[in-house]
Structure formats: C-alpha cells, structure tokens
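Written below as structure tokens is the structure these notes are about.
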Amino acid sequence: MLIVANWKAYVEELAKAKKLFATSKRLAKATRTTIVLAPPAPLLGALALRNKSKVAFSAQDVSVTDGGARTGEIIAQVYSAAGATYAIIGHSERRAVGDTDTTVAIKLAHSIAQGLSPILCVGEKERDVEGRYLAIIREELTLAIEPLAPKDRMKVIVAYEPLWAIGKDAEHAIGQNDLAEMVLYIRKVLAELLPGESTRNSLILYGGSVEPGNVRDLAGASGVDGFLIGHASVDSRMFSLLVKQLA
Ligand code: PGA
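Okay, so the sequence shown: first residue is 55 according to this note's numbering, each after it adds one.
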C-alpha cells in the first residue's frame, strides 16, 4: 500500500515536522507500507535533503513555469534537487485557486521531466443521479494525461479525491462499493489512454476523510493501491493507528 501524507498548511514548524517524520520512519520500518510525506516546501527542504530512510517526499504542487524571472515560484527541478521524488498535481485546493486542466497538464509534464512521480488528483464536486460525475472524472484524466508521451502516461499515479469527501470525518468518506466502482471506472479510462497492457501497473489512490476508523474498510475489496491522507496525517497518534490498520 502507498500512503501519501498531505500535510497541506497544517504543519507550521520544524519541530513538529521532525516528529511526524520520525513517526513515519518507524512505521515504514515496522510495516510494508510505502510512506510518502508532502510537507510545505521549506520543511520538505529541511527534512528531505539528506534523507536515507525508506520514507519518501513529495511536493504539494509544482510551478507551471520552468524557471527564470518568476518571483515566488517553486519549479519541479527545485523539488527534485531538494530530495522530493513525488509531486501532487491538481489537488482540488490548488484547482480552487487557479489550477485549470491546462495548467495541470503542464505541471504533470514538468514533474515527469524532473523524475518526480506525479500524483494526479481528480474528483467531482458532487454526486448527481444522472452520473455526470463519471464524465467529469473522464475529462479530468483525459485532459491531463493525453498530452503526455505514451511512455510517460504510465508514470502517472491517480488519486481519486471527491471534493464532497475532503476535510470531514470518517462518516463522510466514500463507501466501499462506490469506491470499488470508481476504481474500476478509472482503470477503464486509463486503459483507453495508456499504451498496451500498462494500465495494469497504474496505481490508484483514494483521498477524502480517510481516518483510522474507515481505512481498512476502504482498502478491502475496493481495488485501491493506497491513500492520500490529509488531516489524519498530521497527528502522530492518528497517523500511526491508520497505517497500522493497513499493515
Ligand atoms: P482529508 O484531505 O484527509 O483531510 O480529507 C485529503 C486531501 O485533501 O488530500
């Protein structure tokens, strides 16, 4: 299982970041889970540079630019130089402040060019009875992945994060059956976008109110390869419990 801890802007200081990192190192040793931490950029720089542990690091976003006179931008190459090996792209909280399908596609390409494994976030705002949400997921996947070279399309990790389920508690997460259906649907769309049989190796994650109380249920039989965890990843106790549920 791949567990991506999206610290968002919850972690404000190095001491707390170090504590969470230490917890993750212990968990990665004691379990078979692959843990990826996505701290705010300066904290990533402080933790990831000389990292020799099994824990990996991810950017929360990368710049749509490729450097130069762009004050405030953090390009994929900088994340890579700082020790990141993954990048979250197109998170709904970035889409809410300006990311479009076009910028998401560019960011995906920048990440891959710098050797970062991109975690592409897709998700509908609401579930409608007509099933329009399926078309939204198809469109987000297609517009992001289709511009990539076929050999690069296989590198994309998909994180299904329905907006209605983000930042709440376990009760508001998706149900196991609905998740299983969505994972199948995403695999079907990927099969159309990816060359040959390669979709079988594509990783699909779920994110949105994953907590210790529902993670095992969501993992069982749904076909997901892992989770993108927000609020439950910045509380050492909660995160340990959650990872142990999957071990
Ligand atoms: P949440 O966030 O676990 O707090 O719902 C998930 C995410 O936005 O990646």
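Ideal Cβ positions, reconstructed from N, Cα and C, are used throughout, including at glycine.
Tell me the DSSP secondary structure of residue i in three-state form.
i: A59; result: strand
i: A110; result: strand
i: S117; result: coil
i: G280; result: strand
i: I240; result: helix
i: Y64; result: coil
i: L162; result: helix
i: L257; result: coil
i: S263; result: coil
i: A135; result: helix
i: A141; result: strand
If we call anything under 8 Å between Cβ atoms a contact, is residue i one with residue j?
i: V212; j: L195; result: yes
i: I57; j: I283; result: yes
i: A82; j: V65; result: no
i: S165; j: A224; result: no
i: P172; j: K209; result: yes
i: I258; j: D289; result: no
i: L170; j: Y214; result: no
Flag residue i as yes when its Cβ comes closer than 7 Å to any non-hydrogen atom of the ligand PGA, and as no otherwise.
i: E215; result: yes
**Item:** Check your reading: residues with Cβ closer than 6 Å to the ligand PGA heavy atoms
**Value:** N60, E215, I220, G221, G261, G262, S263, V264, L282, I283, G284, H285 and A286
**Asked** Going along the chain, which unbroken runs of the beta strand (DSSP E) with 3 or more residues stay wholly within the segment 175-234?
**Response** 211-214
**Message:** For a minimum of 3 consecutive residues, which ranges assigned as the beta strand (DSSP E) are wholly contained in the segment 66-111?
**Reply:** 88-92
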